[in-house]
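Engineer: Residue numbers (our numbering), protein chains in the order written: chain L, 2 to 331; chain W, 2 to 331.
Glycine residues also receive a C-beta, built at the ideal position from the N, C-alpha and C atoms.
In this text the structure is predicted, and so the values were computed from the model without any measurement.
Would you mind keeping the following structure in view while I ask a few things?
There are 2 protein chains.
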Amino acid sequence: MHYAHKKVLITGGLGLIGSHLARRLVAMGAQVTILDALLPGHGGNLFNIRDIQSQVALHLRDIRDPLALDGCIPGQEIVFNLAGQTGHLASMLDPQSDFEINVSGQYLLLETCRRLNPTLRIVFSSTRQIHGRPRYLPLNEDHPVQPMDFNGIHKATGEYYHQLYQRVYGLEVTILRLTNTYGPGMRIMDAGQSFLGHWIRLLLEGVPLPIFGDGGQLRDFNHVDDCVEALLLAGSRPEAVGKVYLLGGSEVVSLLELARRLSGFTSRGGYALIPFPGERKRIDIGSCYGDFSAIANELGWRPKMDLNQGLQMTVDYYGAYSHHYLQRRT
Amino acid sequence: MHYAHKKVLITGGLGLIGSHLARRLVAMGAQVTILDALLPGHGGNLFNIRDIQSQVALHLRDIRDPLALDGCIPGQEIVFNLAGQTGHLASMLDPQSDFEINVSGQYLLLETCRRLNPTLRIVFSSTRQIHGRPRYLPLNEDHPVQPMDFNGIHKATGEYYHQLYQRVYGLEVTILRLTNTYGPGMRIMDAGQSFLGHWIRLLLEGVPLPIFGDGGQLRDFNHVDDCVEALLLAGSRPEAVGKVYLLGGSEVVSLLELARRLSGFTSRGGYALIPFPGERKRIDIGSCYGDFSAIANELGWRPKMDLNQGLQMTVDYYGAYSHHYLQRRT
């Protein structure tokens with residue numbers, strides 16, 4: 002009942018995670034505002050909120066726009082700060098855009114909160130990618146921060162900014178370091194945001210799933226419902242303030258195993274091992290999966306969705322709706 | 002002999018460290034170029050190179066200026082990248098400038114190297130401040146990065162950028178995390194760069210040295226000659242490539258003890274305990290000193306200057322030359 006009548010802003014609210022979060026919040030009676038610039042190449046899609054669009058306030062503006070923030074932030078009680086550039090390779094090809102969104106934009110958002118709404122609660126979606134190539138597995142929150150690419154560097158900087166505003170200016174901040182999050186509503190057009198989203202597209206098109214290297218890299222995955230549950234806990238529980246929590250999946254699988262399971266859902270396509278493209282190899286982090294015992298012990302969160310079931314549901318969703326995710330915006 | 006005839010660029014070369022480094026390099030027969038914008042409030046001072054000005058190429062331009070970098074970087078063999086905003090309180094009052102110099106400027110420098118001179122060797126002067134309030138003492142390189150203020154955040158980001166360009170683009174990078182560095186040529190006008198510099202000014206003016214809190218905070222200090230020795234090793238030894246080294250002092254002293262020693266050099270002034278100003282308390286890191294065993298074991302560096310002797314020499318220097326450091330530039 003914590004969220005009933007609460008005024009909640011979701012930045013990046015038209016993406017996979019933000020839209021599911023908005024739906025949950027609307028169902029709980031929150032007053033939801035979404036700020037999303039629908040940037041090309043990113044995860045935002047109006048189809049993701051087709052069923053709740055009349056029940057949220059929607060601002061199609063950018064977190065880099067001071068006037069947009071000045072208009073959205075006053076009056077809010079909680080901000081789920083999900084807006085970001087998430088593509089690793091994209092960040093190497095265009096460091097400047099990654100930097101403007103994940104560093105300058107975050108600074109602007111936090112400064113606006115400090116100026117106009119300093120008692121706000123903020124949940125920031127970071128990424129386990131800031132840990133880079135793991136020195137040990139599973140990762141935990143204490144693993145050194147050693148980002149491999151511009152996206153990891155800038156997300157780490159965004160975390161430090163949030164922590165500074167918590168410590169120095171008293172904003173109530175919780176940081177979640179997400180792992181691979183998947184589900185209905187994810188970007189599938191290309192591999193810019195998520196290789197898994199792109200695999201689902203290829204699966205539906207009957208194209209073999211490309212696996213870089215030998216496919217032995219281990220990963221974990223969170224279904225979007227589990228991720229949303231973690232966000233809701235982080236935004237409501239008093240003991241979460243000032244904390245950083247790493248999420249993790251219920252199962253650790255190799256990319257090869259993941260491709261086998263996915264391709265088992267159809268009779269076509271299969272998968273193919275291909276050499277690592279050089280530009281990806283240079284920023285590859287190898288095997289990576291997380292120890293979520295901190296958030297399990299402190300907030301009682303654990304991932305509930307079975308990976309096979311979650312993947313099946315996601316593939317089924319795109320079997321019905323993929324055309325809404327393959328229209329190229331200009 | 003490593004540096005004889007080497008083409009060396011020093012960014013921030015008119016500051017305390019850069020100017021001493023330039024002098025040593027000139028003496029070893031290097032071809033030295035200095036890039037320094039002489040920004041007000043920073044450490045650059047032409048008086049610092051009065052004896053070698055005719056033997057270096059001097060560019061009074063900014064690392065944020067792409068044309069300046071395009072003009073300086075080609076042809077160099079080693080860059081000692083010392084340019085930076087170093088004031089912690091200043092970074093809280095003006096995060097944007099700190100960010101432009103310590104993040105955007107560093108990115109621009111590294112991009113210029115990648116484009117125009119990708120076999121370059123770079124030594125980057127970082128700070129032990131990126132570790133924030135120590136979880137254990139002495140600090141070492143493995144201590145978590147948890148910066149407390151904008152300056153610490155942006156210097157950490159600068160480190161990550163340097164490491165990325167090393168790993169992905171093959172620049173040969175060594176990072177030194179400096180502790181408090183002092184010596185003839187440091188800024189003494191105010192406490193914006195170094196409280197110790199300001200204390201020296203107050204000492205000469207007969208004003209009591211202000212100690213925040215109880216003065217129990219422990220610190221270590223490097224005389225600039227020791228710091229320069231570490232830079233020269235970092236720029237020449239093959240095993241230093243790709244490494245991060247923390248520096249540290251030969252002695253750990255409390256701020257109260259430091260004030261006692263300094264005020265013992267004159268018969269006037271003394272010192273005074275005063276309450277911590279709120280804006281400094283919020284970003285104070287408490288006691289902080291470093292374990293320099295990594296650079297000692299790998300490169301054979303250790304601080305040689307006795308603290309008392311180094312302080313005495315520094316006070317004597319300003320007794321003779323303080324007027325060159327107290328002229329307010331517009």
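For the segment 168 to 179 of chain W against the segment 113 to 124 of chain W, do three or more pairs of beta-carbon atoms, one drawn from each stretch, fall closer than 8 Å, so that the two count as touching?
Structural biologist: Yes, since at least three Cβ pairs between the segment 168 to 179 of chain W and the segment 113 to 124 of chain W fall closer than 8 Å, the two stretches touch.
Engineer: What span of residues does the beta strand (DSSP E) with residue 223 (chain W) cover, start to end?
Structural biologist: Segment 219 to 224, the beta strand (DSSP E) holding residue 223 (chain W).
Engineer: Rounded to a whole number of angstroms, what is the C-alpha to C-alpha distance between residue 336 (chain W) and residue 79 (chain W)?
Structural biologist: With chain W covering only 2 through 331, there is no way to say anything about residue 336 (chain W).
Engineer: Check distances from the C-beta atoms of the segment 158 to 179 of chain L to those of chain W and list, in chain order, the residues that come in under 8 Å.
Structural biologist: Listed by position, the residues of the segment 158 to 179 of chain L near chain W (Cβ gap below 8 Å) are 158, 161, 162, 164, 165, 168 and 169.
Engineer: Need the endpoints of the alpha helix (DSSP H) that residue 258 (chain W) sits in, please.
Structural biologist: Residues 256 to 264.
Engineer: Once the 5 residues before and after residue 207 (chain W) are set aside, which same chain residues still bring their CB inside 8 Å of it?
Structural biologist: Counting only Cβ-Cβ distances below 8 Å, and skipping sequence neighbours, we find 267, 269 and 270.
Engineer: List, in chain order, every chain L residue whose beta-carbon is nearer than 8 Å to that of residue 245 (chain W).
Structural biologist: Correct list: empty, because the minimum Cβ distance to chain L is about 10 Å.
Engineer: Using a Cβ-Cβ cut-off of 7 Å (strictly less than) and excluding sequence neighbours within five positions of residue 139 (chain W), which residues of its own chain qualify?
Structural biologist: Cβ neighbours of residue 139 (chain W) beyond the five flanking positions: 249, 290, 291 and 292.
Engineer: Indicate whether residue 92 (chain W) and residue 202 (chain W) have their beta-carbon atoms separated by less than 8 Å.
Structural biologist: It is not a contact, given that the beta carbons lie outside the stated cut-off.
Engineer: Whole angstroms is fine: what's the gap from residue 110 (chain W)'s alpha carbon to residue 64 (chain W)'s?
Structural biologist: About 7 Å.
Engineer: Using DSSP's beta-bridge definition, name the partner residues of residue 211 (chain L).
Structural biologist: Residue 211 (chain L) pairs with L:273.
Engineer: Using a Cβ-Cβ distance under 8 Å, would residue 364 (chain W) count as near chain L?
Structural biologist: A question about residue 364 (chain W) goes unanswered here, because the residues of chain W that appear run from 2 up to 331.
Engineer: Is any beta-carbon of chain L found at less than 8 Å from that of residue 146 (chain W)?
Structural biologist: Judged by the 8 Å Cβ criterion, residue 146 (chain W) is in contact with chain L.
Engineer: Can you check which of these residues, W:42, W:15, W:43 and W:11, is closest to residue 33 (chain W) by C-alpha distance?
Structural biologist: Here the closest residue by C-alpha is W:11.
Engineer: If you measure from the beta carbon of residue 331 (chain L) to each beta carbon in chain W, is any gap under 8 Å?
Structural biologist: Confidence at residue 331 (chain L) is low in this model, with a pLDDT of 40, below 50, so its placement is unreliable and no value can be given for it.
Engineer: For residue 252 (chain L), list the residues DSSP reports as bridge partners.
Structural biologist: Looking at the DSSP assignment, residue 252 (chain L) forms no beta bridge with any residue, so it has no partner.
Engineer: Quick one: which chain L residues come within Cβ less than 9 Å of residue 37 (chain W)?
Structural biologist: Result: empty, since nearest Cβ-Cβ is about 25 Å, beyond 9 Å.
Engineer: What does the alpha-carbon distance come out to for the pair residue 331 (chain L) and residue 95 (chain L)?
Structural biologist: At residue 331 (chain L) the pLDDT is 40, less than 50, meaning the model places this residue with poor confidence and gives no usable figure here.
Engineer: Can you check whether the C-beta of residue 41 (chain W) is within less than 8 Å of a C-beta belonging to chain L?
Structural biologist: Chain L, which has no Cβ nearer than 8 Å to the Cβ of residue 41 (chain W), makes this no.
Engineer: Going straight from the alpha carbon of residue 284 (chain W) to that of residue 299 (chain W), what length do you get?
Structural biologist: Each residue's alpha carbon lies about 33 Å from the other.
Engineer: Is residue 291 (chain L) helix, strand or coil when you go by DSSP?
Structural biologist: Strand.
Engineer: Do we get a CB-CB distance below 8 Å when we pair residue 151 (chain L) with the residues of chain W?
Structural biologist: Closer than 8 Å: yes.
Engineer: So who's on the other strand from residue 10 (chain L), going by DSSP bridges?
Structural biologist: Paired residue(s): L:34 and L:80.
Engineer: I want to see whether chain W comes within less than 8 Å of residue 283 (chain L), judged by CB atoms only; does it?
Structural biologist: Answer yes: the Cβ-Cβ gap between residue 283 (chain L) and chain W drops below 8 Å somewhere.
Engineer: Can you have a look at residue 277 (chain W) and say buried or exposed, based on whether 16 or more other CB atoms are within 10 angstroms of its CB?
Structural biologist: So residue 277 (chain W) ends up on the exposed side.
Engineer: Less than 8 Å between the C-beta atoms of residue 134 (chain W) and residue 286 (chain W), yes or no?
Structural biologist: Result yes, Cβ atoms of residue 134 (chain W) and residue 286 (chain W) sit closer than 8 Å.
Engineer: Residues of chain L with a CB under 8 Å from the CB of residue 108 (chain W): which are they?
Structural biologist: 96 and 100, listed in chain order.
Engineer: When you compare the CB positions of residue 4 (chain L) and residue 264 (chain L), do they come within less than 8 Å of one another, or not?
Structural biologist: No; because the gap between Cβ atoms is not below 8 Å, this pair is not in contact.
Engineer: For residue 117 (chain L) versus residue 13 (chain L), is the C-beta distance shorter than 8 Å?
Structural biologist: No, the pair does not count as a contact, with Cβ atoms beyond the cut-off.
Engineer: Residue 181 (chain W) and residue 87 (chain W) - do their beta-carbons sit closer together than 8 Å?
Structural biologist: Result no, Cβ atoms of residue 87 (chain W) and residue 181 (chain W) do not sit closer than 8 Å.
Engineer: Using a 10 Å radius around the Cβ and a threshold of 16 neighbouring Cβ atoms, would you call residue 136 (chain W) buried or exposed?
Structural biologist: It counts as exposed.
Engineer: Check whether the Cβ atoms of residue 157 (chain W) and residue 161 (chain L) sit closer than 8 Å, and answer yes or no.
Structural biologist: The answer is yes: Cβ separation under 8 Å.
Engineer: Is it right to say residue 319 (chain W) is buried, meaning 16 or more other beta carbons lie within 10 angstroms of its own, or is it exposed?
Structural biologist: With 16 or more other Cβ atoms within 10 Å, it is buried.
Engineer: Rounded to the nearest angstrom, what separates residue 55 (chain L) and residue 28 (chain L) at their Cα positions?
Structural biologist: Spanning the two alpha carbons is a distance of roughly 13 Å.
Engineer: Give me the Cα-Cα distance between residue 296 (chain L) and residue 220 (chain W), rounded to the nearest whole angstrom.
Structural biologist: So the alpha carbons of these two residues sit roughly 36 Å apart.
Engineer: In terms of residues, what are the limits of the beta strand (DSSP E) holding residue 124 (chain L)?
Structural biologist: From DSSP, the beta strand (DSSP E) with residue 124 (chain L) extends over 122 to 128.
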